[in-house]
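K.L.:
Residues in the sequence shown are numbered from 2 upward in steps of one, following the numbering used here.
Glycine included, each C-beta is placed from N, C-alpha and C at the ideal position.
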Amino acid sequence: MTLVVQRGAVWEVRLDRPAAANALSPALVDALHEVLDEAATARPEALILTGNRRHFAAGFDLTGLSRESDASLACRFLRIGLLLEKLSTAPYLTVAVVEGSAIGAGADLVAACDHRLAGPDARFAFPGARFGVVLGTARLGSITDPLMFLGGDTVAARDARGLVTGAPGELPGILDAWARTDPETRPALLAAARPVHSTDAALAALTRSVTAPGLHERLTAYRHRVLSSRTPSKEPS
2 MTLVVQRGAV WEVRLDRPAA ANALSPALVD ALHEVLDEAA TARPEALILT
52 GNRRHFAAGF DLTGLSRESD ASLACRFLRI GLLLEKLSTA PYLTVAVVEG
102 SAIGAGADLV AACDHRLAGP DARFAFPGAR FGVVLGTARL GSITDPLMFL
152 GGDTVAARDA RGLVTGAPGE LPGILDAWAR TDPETRPALL AAARPVHSTD
202 AALAALTRSV TAPGLHERLT AYRHRVLSSR TPSKEPS
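1) Around the C-beta of D177, are 16 or more other C-beta atoms found within 10 angstroms, so that it is buried, or is it exposed?
2) Residues in the same chain with beta-carbon distance under 7 Å from S234, minus the five sequence neighbours each way, listed in chain order, please.
3) Please report how far the alpha carbon of P128 lies from the alpha carbon of L66, in whole angstroms.
4) Can the beta-carbon of L118 be found closer than 8 Å to that of G167?
5) Does DSSP put L79 in a helix, a strand or coil?
6) Along the chain, where does the alpha helix (DSSP H) containing H198 start, and where does it finish?
7) Please classify E100: is it buried, with 16 or more other beta-carbons within 10 angstroms of its beta-carbon, or exposed?
8) Which ranges does the beta strand (DSSP E) cover as unbroken runs of at least 3 residues, wholly within the stretch 96-145, from first to last along the chain?
9) Is DSSP giving R15 helix, strand or coil here?
10) Just verifying my parser: in three-state terms, what is the DSSP assignment at T212?
11) Are the Cβ atoms of G105 and F61 separated by less than 8 Å?
12) Could you give the C-beta distance for A158 and R124, rounded to a whole number, given that I count them as a contact under 8 Å?
13) Residues in its own chain within less than 7 Å of E46 by CB, not counting five upstream and five downstream?
14) For T51, report the span of its alpha helix (DSSP H) as first-last.
15) If I'm right that A58 touches A139 with Cβ under 8 Å, what's the distance once you round it to whole angstroms?
16) Within a Cβ cutoff of 6 Å, which residues of the same chain sit near D71, ignoring the five residues on either side of it in sequence?
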């Protein structure tokens, strides 16, 4: 199992790979695509995305990297890019609730949501620039100062201005306020509240970055640096 989903007026989707720090494996990414596709048809009022108290999501899963190729890695990144676009344009309110680490593509999942609620122990990092992958950069720049994050350093929730919009305790009030809006006006409210963002431009930038020769070599070198510094090896973009 990679996801736990509770359906209703509000859907709760919990990433469930605790042994792998909720790293985004191909199976987990496929499961998220399936849930978002289902939700796009079911049209819940809102969808809440969570992890566990230690890890929201550790990012791009580098397990089995030696068996990957430039092409297979590029396809995986593009699949994540499409997932982010699907989440950021969802026809319902989206809320990420982060209690632990949100790294790389995991942090990009958070940035793609309408509300981004973080507990005191939450922390974020966007290390994609360290291995030449442009994933979610334009979206991040539309909600905060990207220079705060794009060096790849870890940023605590209290310092993540713009990215973090509130605390987990605010979730009931957010859902209650949304439930009291007129369902017919919700699409217009979402469109007005969401940052102006070009899906085509975002995917084009990602495609250019992951099709540059040497993706496997760059990720291998990055993973080696991570392991050498004794930080998590299931990684980011």
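P.N.:
According to the structure data:
1) With fewer than 16 other Cβ atoms within 10 Å, it is exposed.
2) Caution applies to S234, whose pLDDT of 41 falls short of 50 and renders its modelled position unreliable; the model cannot decide the point.
3) Going by the C-alpha atoms only, they are around 17 Å apart.
4) G167 sits close to L118, with the two beta carbons spaced by under 8 Å.
5) Reduced to three states, the DSSP call for L79 is helix.
6) Per DSSP, H198 belongs to no alpha helix (DSSP H) and is neither H nor E.
7) Here E100 is buried. Its C-beta has 16 or more other C-beta atoms within 10 Å.
8) For the stretch 96-145, whole beta strand (DSSP E) runs of length 3 or above, ordered along the chain, are 102-104, 116-119, 124-126.
9) R15: strand per DSSP, three-state reduction.
10) In the structure shown, T212 sits in coil (DSSP, three-state: anything other than H, G, I, E or B).
11) Taking 8 Å as the Cβ cut-off, G105 and F61 qualify as a contacting pair.
12) At roughly 7 Å, the Cβ-Cβ gap stays under 8 Å, so A158 and R124 are in contact.
13) If you ignore the 5 residues before and after E46, its C-beta comes within less than 7 Å of the C-beta of A10, V11, Y93, L94, W179, A180, all in its own chain and listed in chain order.
14) Careful: T51 lies outside any alpha helix (DSSP H), inside the beta strand (DSSP E) at 47-51.
15) Between A139 and A58 the Cβ distance is about 20 Å, and since that is not below 8 Å, they are no contact.
16) Here D71 has L216, H217 as same chain residues with Cβ atoms under 6 Å from its own Cβ, once five neighbours each way along the sequence are excluded.
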